[in-house]
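S.K.: In this note's numbering, the protein residues as written are 5 to 523.
(1) By Cβ distance below 6 angstroms, which residues in the same chain neighbour residue 321 in space, the five residues on each side in sequence not counted?
(2) Quick one, are the C-beta atoms of residue 122 and residue 146 less than 8 angstroms apart?
(3) Measure the alpha-carbon distance for residue 82 versus residue 347 and round it to whole angstroms.
(4) Unbroken alpha helix (DSSP H) runs of length 4 or more, entirely within the stretch 203-259: which are they?
(5) Can you tell me where the alpha helix (DSSP H) holding residue 149 begins and where it ends?
(6) Is the beta carbon of residue 264 sitting closer than 8 angstroms to the one on residue 284?
(7) For residue 220 and residue 262, which I take to be in contact (beta-carbon distance under 8 angstroms), what is that distance rounded to the nearest angstrom?
(8) Is residue 326 helix, strand or coil by DSSP?
(9) Quick check on this structure: which residue in 454, 42, 504 and 267 has the alpha carbon closest to the alpha carbon of residue 421?
(10) Starting from residue 176, follow its DSSP beta bridges and name the residues at the other end.
(11) I'd like the span of the beta strand (DSSP E) that includes residue 479, first residue to last.
(12) Once DSSP output is grouped into helix, strand and coil, what is the label at residue 267?
(13) With distances taken between CB atoms, is the gap from residue 254 to residue 344 smaller than 8 angstroms?
(14) Among 102, 207, 155 and 55, which one has its Cα closest to the Cα of residue 164?
(15) Residue 92 by DSSP, collapsed to three states: which one?
(16) Could you tell me how far apart the beta carbons of residue 390 and residue 414 are, in whole angstroms, since I believe they sit closer than 8 angstroms?
(17) In the stretch 321-385, which residue ranges form an unbroken beta strand (DSSP E) of at least 3 residues, counting only runs that do not cross its ends?
(18) Please look up how many angstroms separate the CB atoms of residue 309 and residue 216, rounded, as I've assumed it's under 8 angstroms.
(19) Cutting at 7 angstroms between CB atoms, please list the residues of its own chain near residue 171, excluding the five before and the five after it.
(20) May I ask which residues mark the beginning and end of the alpha helix (DSSP H) holding residue 126?
(21) If we count Cβ pairs, one from each stretch, closer than 8 angstroms, do we get three or more for the stretch 175-188 versus the stretch 137-146?
(22) Given a cut-off of 8 angstroms, decide if residue 506 and residue 307 are closer than it, judged by their beta-carbon atoms.
(23) Mapping the DSSP letters down to three states, classify residue 198 as helix, strand or coil.
(24) Using DSSP bridges, identify the partner residues of residue 38.
(25) Buried or exposed: residue 319, going by 16 or more other Cβ atoms within 10 Å of its Cβ?
(26) What did DSSP end up calling residue 525 once you bin it into helix, strand or coil?
(27) Could you tell me which residues DSSP pairs with residue 287 in its beta bridges?
(28) What did DSSP end up calling residue 316 once you bin it into helix, strand or coil?
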């Protein structure tokens with residue numbers, strides 16, 4: 005309810021009070037409008053509307069600005085306020101707090117704070133419209149239409165495929181036409197991440213290895229410059245991918261090796277960027293069985309495959325001018341009479357033998373063979389992503405993806421991309437110290453866990469993968485810590501996060517504009 009003083013002020017303006025602040029009655033209009041407002045640079049100063057907000061305020065003869073000033077304290081960053089009846093075309097208007105206008109790259113946070121503020125604010129505004137059951141929403145570009153689009157599309161996404169009761173569908177669109185190209189780019193970035201979120205969130209009996217591959221194939225079917233190969237188990241056998249097959253044999257679901265070839269470069273002979281993603285569609289741990297509590301989340305253990313494949317779908321939609329190869333070994337890790345046993349020794353594609361001391365360290369076995377195969381493409385760079393270790397979650401939590409790389413050139417590109425997307429990365433060590441811990445195996449060339457057990461687990465896993473890499477530019481992204489979202493990223497709802505899809509897309513986009521010099 006509005007304070008009497010506010011109502012009196014509105015009456016003195018000579019008109020009926022055309023607003024409902026947060027907490028007042030719902031209004032299910034046909035179209036809504038989300039507008040941004042910057043906080044004052046000085047305490048007690050006047051808040052500043054965006055350009056779109058100023059234009060709308062003029063359209064309604066200054067009523068928006070007046071009502072914002074009398075309807076409670078200044079809006080804080082990410083907070084919203086609703087007004088009804090200001091204009092016949094927009095029965096409901098949500099004003100969202102954008103924080104400081106001059107916010108930019110924050111060197112302490114390693115992201116562009118202004119872009120993150122826009123994403124969070126627009127997501128909050130669009131969700132407010134969804135609560136009001138308003139189906140169409142125009143969104144203020146807030147000075148960065150791409151970030152605004154990302155906030156809108158990411159903020160509204162929720163996996164509800166299997167529920168009878170669903171949230172109302174809200175379609176966000178750009179308010180005005182000045183930044184339509186940037187808006188559409190943001191929509192594609194966000195839809196790419198949402199595709200990864202969908203694949204990761206879906207139950208494991210709905211996204212099996214073959215169903216995962218078919219879903220990606222369907223998404224890429226309309227692009228003439230993309231080829232998708234769904235390789236069966238017989239092909240995997242001919243490739244001598246013994247490490248991969250050793251994991252897959254424990255499940256009744258047959259393994260699939262998904263290969264995507266996107267030819268966006270000027271020449272088919274241009275060295276491609278190769279993405280490799282771990283694709284364990286359900287990870288029980290195998291004979292080294294995981295605890296039952298939280299095991300359902302292991303439906304998302306194919307997050308590496310989901311993010312790299314979704315990044316390629318997005319790259320194709322953006323028509324990025326470079327060649328990309330996507331590789332995803334897909335299988336389940338299950339306990340059975342055929343499953344790997346602790347102490348078993350398997351042989352990888354490059355001939356190295358691996359002692360399987362823990363069957364729950366299975367992702368690195370898939371990646372070992374996939375990385376060997378990746379070298380057959382004469383890659384410009386190889387980037388693999390995997391929900392590989394709980395140790396990564398312990399080290400960084402959900403703040404950033406851990407990156408292990410042998411290339412400063414590659415690291416710089418990934419880091420710069422992450423600043424733009426707000427989906428951060430952090431460089432981790434690839435010391436020989438860790439390599440010694442996986443090469444000191446009593447029965448084989450390598451052990452699939454470090455000899456000091458849990459110590460430096462993310463680092464020993466990366467050191468293991470490095471034993472299957474000869475390329476000069478390789479990066480391993482351990483995304484275990486960013487697999488899901490509780491409330492850490494305000495523009496993502498609770499659930500599987502689909503991170504760092506947008507960073508991979510931005511990285512590919514920057515690589516496509518870079519010279520071929522990789523020194």
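Glycine included, each C-beta is placed from N, C-alpha and C at the ideal position.
Here the structure is a predicted model, which means the values were calculated and not measured.
M.R.: Looking at the atomic coordinates:
(1) 192
(2) yes
(3) 52 angstroms
(4) 213-224, 237-242 and 246-252
(5) 149-160
(6) no
(7) 7 angstroms
(8) coil
(9) 504
(10) 141
(11) 478-482
(12) strand
(13) yes
(14) 207
(15) coil
(16) Their Cβ separation, rounded to whole angstroms, is 17 angstroms, which puts residue 390 and residue 414 out of contact at 8 angstroms.
(17) 327-337, 348-351 and 357-360
(18) 7 angstroms
(19) 134, 162 and 164
(20) 117-135
(21) yes
(22) no
(23) helix
(24) 98 and 143
(25) buried
(26) The chain is shown only over 5 to 523; residue 525 falls outside these bounds and no answer can be derived.
(27) 337
(28) helix
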